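Asks: Sharing a structure with you now.
In this note's numbering, the protein residues as written are 1013 to 1210.
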């Protein structure tokens, strides 16, 4: 059996093609892995809000099947909850985020602030054993969760609702913004692609 070259990842095959995966050493910056992950997270939300700025009020209020609600309500929920999640991790006690009446421009500003906040958090030494307490100031609900779970939930929650809003665009016959991680990489110079024939 022929051995594969050192450093070469396993070949993944299907009926159409064989792709070779390998690690390539390049100089695309020194941003940490978590910074890239949360950089995409914030960029995706801001890009989505920017796309929503072109919608009229009827489109913003159009129902989206299987989602939190209309586009505007879903954005308010997404951005408000993210600000709350950040407040829990930063240790701000009994925070109520009033995003229910915010305009898109106000939501965008809040999303930018949250993005800056996540960068503050992940640029500090992180203790994987740290446990954060969440207390609902209205009904007293309490939740304790590790830092890793809180970060994962923040990413998951936003990703889920962004996908719902993109589906709402499609249902209205509009092109949804392209906000996946590869789109972020291309937009920020973190991806290099070569297409055959180019």
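Virtual Cβ for every residue (Gly too), placed ideally from N, Cα, C. The model shown is predicted, which means the values in this text are computed figures rather than measured ones.
Looking at the secondary structure, which residues open and close the alpha helix (DSSP H) in which residue 1193 lies?
Replies: Counting from one through the chain shown, the residue named residue 1193 turns up at place 181. From DSSP, the alpha helix (DSSP H) with residue 1193 extends over 1193 to 1199.
Asks: Please go through the segment 1079 to 1108 and give each complete alpha helix (DSSP H) segment of 4 or more residues, from N-terminal end onward.
Replies: 1083 to 1102
Asks: Considering only their Cβ atoms, is the gap separating residue 1076 from residue 1176 smaller than 8 Å?
Replies: Working through the chain shown from its first residue, we reach residue 1176 at position 164. Working through the chain shown from its first residue, we reach residue 1076 at position 64. In contact: residue 1176 and residue 1076 (Cβ atoms closer than 8 Å).
Asks: Can you give me the start and stop residues for the beta strand (DSSP E) that residue 1155 sits inside?
Replies: Counting from one through the chain shown, the residue named residue 1155 turns up at place 143. Taken as a continuous stretch (DSSP letters only), the beta strand (DSSP E) holding residue 1155 covers 1154 to 1158.
Asks: Along the alpha helix (DSSP H) that carries residue 1046, what are the first and last residues, could you check?
Replies: Walking along the chain shown from the start, residue 1046 turns up at place 34. The continuous alpha helix (DSSP H) containing residue 1046 extends over residues 1045 to 1064.
Asks: Considering residue 1150, what are the terminal residues of the alpha helix (DSSP H) in which it resides?
Replies: If you number the chain shown from 1, residue 1150 lands on position 138. Premise fails: residue 1150 is in no alpha helix (DSSP H) and is neither H nor E.
Asks: Do residue 1080 and residue 1169 have their beta-carbon atoms positioned less than 8 Å apart in this structure?
Replies: On the chain shown, residue 1169 is found 157 positions in, with the first residue counted as 1. On the chain shown, residue 1080 is found 68 positions in, with the first residue counted as 1. No, the Cβ-Cβ distance between residue 1169 and residue 1080 is not below 8 Å.
Asks: Report back the beta-carbon spacing between residue 1058 and residue 1123 to the nearest angstrom; my notes put them in contact at under 8 Å.
Replies: Along the chain shown, one-based indexing puts residue 1058 at 46. Along the chain shown, one-based indexing puts residue 1123 at 111. So it is a contact: roughly 6 Å between Cβ atoms.
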